[in-house]
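Chains as they are written, first to last, in the UniProt record's numbering: chain F, 1 to 353; chain L, 1 to 111.
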């Protein structure tokens, strides 16, 4: 069991900055994120794109903003559970919570801060009606254990980096790899595109373009896929295969949080914006893009503000008997849990003779 | 001030809406749909208009001349679902006076 003061769900910019504000109040944080790395949308969707509305940063790349936040919160030693999705929540008698991930990791905290952005990033599934019938029976949306494809026939669909990279990797493992994409052009790193072309010329990857998989069939386990070439039903053909791996990237879904009994409006969690961004469940807060209230704007800078006020409320909840007086970091400095201390240098006063 | 133009939008339930669209507010078709709340929040414009999701995919139903597709839009549509020959991403089409009379339909939501 992981124990912390504030459990933050979502390691995007708002979740990361919460660690700093909580740290100033001597509260420890732990973050859960479904993605394998911190940064949320900024890292996953647009790390190389510039942002122009972060106060005092005329221009900053999304990836650099995340790097800076990680640097800023380092003294407060946040814990991370990455690559796992927050699944269940349980409220204990003492009003604390246990949050369990899809992989069974348990976290115990007095305060939950949902900073889930647009939701957890889930694989995009092509709209093939029978697809879900074959999940884990030949159809999967990510490659977890490459060895399970050894000496098998594999069909991969998609035109981005993950489709290219896994085709290249599995070409050495599987007996046959077929890559199917709707266009002749691929959107991926140039080296990967070149490598796939080489492997195609060597006969190690079969390339079918422009085409798409429109149906899947089998008896219990996947046996074949129906491929449509050139969007022309007359060119449909069946292809035998053991596995079908559609790799169409990730898209965010609110996911299990939607079933936690929170008030939801317009795919977002309703909070009290007149006070502390608390949800209808005391002790659970929602900050950043995931929340909604009258006049809500989904901006990083608003998430930072919400995180700051939320931490004050969390402090009162965790220390009901204490009174906290806000201190400027310039006055009080920043004392990390790692023993580091940052402080404004003292002005030296010297008399003039 | 530039005058508003007329645009017809068919929502995901098949309902037709005639709306006025401003040409002087740097808006695009995705934002137009959101401003009239013709699709629930969170189901359109998820990536904010970066051509990085396909939640604002629409089918163009008129002969209105449109700006050429740029590489980002083309790449995203290559990975989107329910794509047809007349598919475009609403976020990549700015509202200009040339769009007067445009008619488009929202593509189904990915689930």
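Ideal Cβ positions, reconstructed from N, Cα and C, are used throughout, including at glycine.
So is residue 53 (chain L) in contact with chain F if we call contact Cβ pairs under 9 angstroms?
yes
Within-9 angstroms CB hit, residue 49 (chain L) to chain F
Closer than 9 angstroms: no.
Residues, ordered as in the chain, of the stretch 13 to 26 of chain L that lie near chain F by beta-carbon distance below 8 angstroms
none
Have a look at residue 71 (chain F) and residue 20 (chain F) and give me their C-alpha separation to the nearest angstrom.
Straight-line Cα distance between these residues: approximately 10 angstroms.
DSSP puts residue 285 (chain F) in a beta bridge; with which residues?
According to DSSP, residue 285 (chain F) bridges with F:113 and F:278.
Indicate whether the contact test is met: 3 or more Cβ pairs, each with one atom in the stretch 135 to 154 of chain F and one in the stretch 28 to 38 of chain F, closer than 8 angstroms.
Flag = no, the stretch 135 to 154 of chain F and the stretch 28 to 38 of chain F do not touch.
Just verifying my parser: in three-state terms, what is the DSSP assignment at residue 303 (chain F)?
helix
Could you check where the alpha helix (DSSP H) with residue 200 (chain F) kicks off and where it finishes?
190 to 201
Do you know offhand how far residue 112 (chain F)'s Cα is from residue 330 (chain F)'s?
29 angstroms
List the residues that DSSP assigns as beta-bridge partners of residue 89 (chain L).
L:57
Those residues which DSSP pairs with residue 39 (chain F) across a bridge
Beta-bridge partners assigned by DSSP to residue 39 (chain F): none are found.
Can you tell me the Cα-Cα spacing of residue 230 (chain F) and residue 98 (chain L), whole angstroms?
33 angstroms
By the 10 Å Cβ neighbour count, where 16 or more other Cβ atoms means buried, how is residue 18 (chain F) classified, buried or exposed?
buried
With DSSP as the reference, label residue 28 (chain L) as helix, strand or coil.
Looking at residue 28 (chain L) - three-state DSSP - the assignment turns out to be strand.
N- and C-terminal bounds of the beta strand (DSSP E) containing residue 219 (chain F)
211 to 219
Proximity test, Cβ basis, 9 angstroms: residue 41 (chain F) and chain L:
yes
I want to see whether chain L comes within less than 9 angstroms of residue 267 (chain F), judged by CB atoms only; does it?
yes
Could you check what DSSP says for residue 367 (chain F) in three-state terms: helix, strand or coil?
Coverage of chain F is limited to positions 1 through 353, which leaves residue 367 (chain F) absent and any answer about it impossible.
Tell me, please, whether the stretch 77 to 97 of chain L touches the stretch 153 to 168 of chain F by the rule of three or more beta-carbon pairs shorter than 8 angstroms.
yes
Residue range of the unbroken alpha helix (DSSP H) whose run includes residue 23 (chain F):
It spans 13 to 24 - the alpha helix (DSSP H) in which residue 23 (chain F) sits, taken as one unbroken run.
Is it buried or exposed, residue 356 (chain F), if we count other Cβ atoms within 10 angstroms and call 16 or more buried?
This structure does not reach residue 356 (chain F), given that chain F is present from 1 up to 353, and the question cannot be answered.
Start-end ranges of the alpha helix (DSSP H) lying completely within the stretch 55 to 114 of chain F, minimum 4 residues:
62 to 73
From which residue to which residue does the beta strand (DSSP E) around residue 4 (chain F) run?
2 to 9
Where the stretch 70 to 97 of chain L meets chain F: residues whose CB sits under 7 angstroms from a CB there
75, 78, 79, 81 and 82
Would residue 75 (chain F) and residue 342 (chain F) be called neighbours here (beta carbons separated by less than 9 angstroms)?
yes
Three or more C-beta pairs closer than 8 angstroms, one from the stretch 114 to 121 of chain F and one from the stretch 2 to 16 of chain F: is that the case here?
yes
Does any C-beta atom of chain F lie closer than 9 angstroms to the C-beta of residue 41 (chain L)?
yes
Report the partner residues of residue 270 (chain F) according to the DSSP bridge assignment.
F:292
Listed by chain order, chain L residues near residue 167 (chain F) by CB distance under 9 angstroms:
Those do not exist, as residue 167 (chain F) stays about 15 angstroms from chain L at its closest Cβ, beyond 9 angstroms.
Shortest alpha-carbon distance to residue 122 (chain F) belongs to which of F:293, F:27 and F:255?
F:255
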